[in-house]
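In what follows, a single structure is set out as C-alpha cells and then discussed.
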Amino acid sequence: MKYFLIPFYLLLSVNSFSQKKYLEKIAKTSKRKFTYQRIKKEKNLKLDFYKPRKVKGLKPLIIYVHGGGFSGGNRNDKYAVDFSKEMASYGYAVASISYRLTMKGIGFGCNIKADLKIQAFNEVSKDISYAIKYIIKRNRKFKIDISKVILVGSSAGAEAVLNLAYVYENEILDSKFKFAGIIGMAGAITAIDKITNSNAIPTQLFHGEKDDLVPYHIAPHHYCKKENIGYLKLYGSRAIANQLKSIGKSYYLYSVKNGDHSWNSRPIYQCKNEILDFLYFDVLQNNERQTEVQF
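Each residue of the sequence shown is one higher than the one before, counting from 169 in the numbering used here.
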C-alpha cells in the first residue's frame, strides 16, 4: 500500500498524462430519462441516464445522488446535470437518480428524533439499490460494466451512499455484488466499525474542516447537544479515512482547512482533476493508494 501526503500546490493535473480514455474528454454525450421504481400514492422514482455517444463496449457506471437534507434537491439540478455531462464526456455512464424525500416538511435538525434520521439514510440507500437493480436487469440496453459501479453523493447524498456502501444491510442487490468505488462530498456515517477488510472499497472524500452541519471528524450531526432528541453521533471524512488507513485500504482524502459545508458541491467544479485521477487510478486501475491532499 502506497501512502501519499500531497500539498495542494504540488498536485499535477491529470491532463499532463498522455491522452487516455477516462482522463481526457473523448465524446459528446446523450441523456435519457427512465422510471426505475413505481410507488403507489407517491411520485414514481426516475433516473437520468447519461452516456458518451459512439463509444462501444461496456462502460463504468457512476450513480450520482443529490443532496438536500433528505427533504429537497433534484436529480436534474445544475450540479447534477453539470457533473453527469462532464463525467459522461470522459467515457463513463452516469445515472443521476431521484429518491424519496422522506424528511420533506419534517427537517433534519436537533428537534428531529435520531432514529428518523437513521431511517432516512436507510430509505435512500434502498432507493439507490433499486435504481442499480433496474439498470443491471436491463443491461442489454444500458451496457454498463457491472463490476465497475461507482457511488457519488453530495451532502445528504454523500451520507446516503456511504451508508449504502458501509452500513446498510442490503437485501435488494445480489449478495455477490460489490461497488467498485465511492466518492463522498461532505458526508458521514453512523458506525465507523462497519468499515472492514471485507467491505472496504476505494473511497474518495471531500470535506471542509469547518463544516457546521456534517462533521469533518467525529461529532454529532448538526452539532446537536446530547440532551437533544436529534443527537446522532457521526463519523465524517477524517474518521472514515483513518479507519481505512488503519486496515490498509485505499482512500483519497481532500481536506479544506477553513472549508464549510459548501464543499458538498464545490468539488464538482473545483476538483475535477482529483476526481478523474481517483476514478482512473484507484478505481479502474485498482492501484492501492492512500492519498491525502491538504488545501
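For glycine and all other residues, C-beta sits at the position ideal for the given N, C-alpha and C.
Does DSSP put residue i in a helix, in a strand, or in coil?
i: Ala409; result: helix
i: Leu381; result: coil
i: Met255; result: helix
i: Ile207; result: coil
i: Phe345; result: coil
i: Lys417; result: coil
i: Tyr260; result: coil
i: Ser239; result: coil
i: Arg200; result: strand
i: Asn455; result: coil
i: Asp295; result: helix
i: Lys309; result: helix
i: Lys393; result: coil
Of the residues the options, which one's Cα is nearest the Cα of residue i?
i: Ser198; options: Val223, Ile369, Gly321, Lys417; result: Val223
i: Ala359; options: Leu400, Lys305, Ser252, Asp295; result: Leu400
i: Phe347; options: Asp450, Ile286, Val249, Asp379; result: Asp450
i: Glu327; options: Ile351, Tyr260, Arg206, Cys392; result: Ile351
i: His429; options: Thr203, Pro228, His389; result: His389
i: Phe289; options: Tyr298, Ala261, Tyr302, Val329; result: Val329
i: Glu377; options: Gln287, Ser405, Lys311; result: Ser405
i: Gly275; options: Ala324, Asp245, Pro383; result: Ala324
i: Tyr218; options: Lys285, Gly236, Gly259, Lys189; result: Gly259
i: Asn279; options: Cys392, Lys211, Lys193; result: Cys392
i: Ile357; options: Ala299, Arg434, Leu402; result: Leu402
i: Gly273; options: Lys294, Leu284, Ser257, Ser239; result: Ser239
i: Lys311; options: Val262, Ile296, Leu319; result: Val262
i: Lys344; options: Ala409, Ile314, His385; result: Ile314
Who does residue i pair with in a DSSP beta bridge?
i: Tyr422; result: Phe374, Val461
i: Glu192; result: Lys189
i: Tyr232; result: Ser264, Val320
i: Phe217; result: Arg200, Ala263
i: Ala356; result: Gly404
i: Ala282; result: In DSSP, Ala282 forms no bridge with anything.
i: Ala387; result: Leu402
i: Ile350; result: Leu319, Thr371
Could you name the residues of the same chain whose beta carbon sits closer than 6 Å to that of residue i, not counting the 5 residues immediately before and after it, in chain order?
i: Ile443; result: none
i: Phe446; result: Gln372, Tyr420
i: Tyr247; result: Ser433, Ile436
Quick one: what's got a C-beta closer than 8 Å to residue i's C-beta in the same chain, skipping five residues either side?
i: Ile415; result: Ile363, Thr364, Asn365, Ala368
i: Lys214; result: Lys201, Phe202, Thr203, Tyr204, Arg243, Ile265, Ser266
i: Asn426; result: Gly376, Glu377, Lys378
i: Lys188; result: Tyr448
i: Tyr302; result: Phe202, Tyr204, Gln205, Leu215
In its own chain, which residues sit with a C-beta less than 7 Å from the C-beta of residue i, not counting the 5 before and 5 after it?
i: Gly277; result: His390, Gly398
i: Tyr298; result: Tyr204, Gln205, Ile340
Are there any heavy atoms of the ligand MN lying less than 8 Å away from the beta-carbon of residue i, as far as the coordinates show?
i: Leu215; result: Although the ligand MN was asked about, the structure shown includes no ligands whatsoever.
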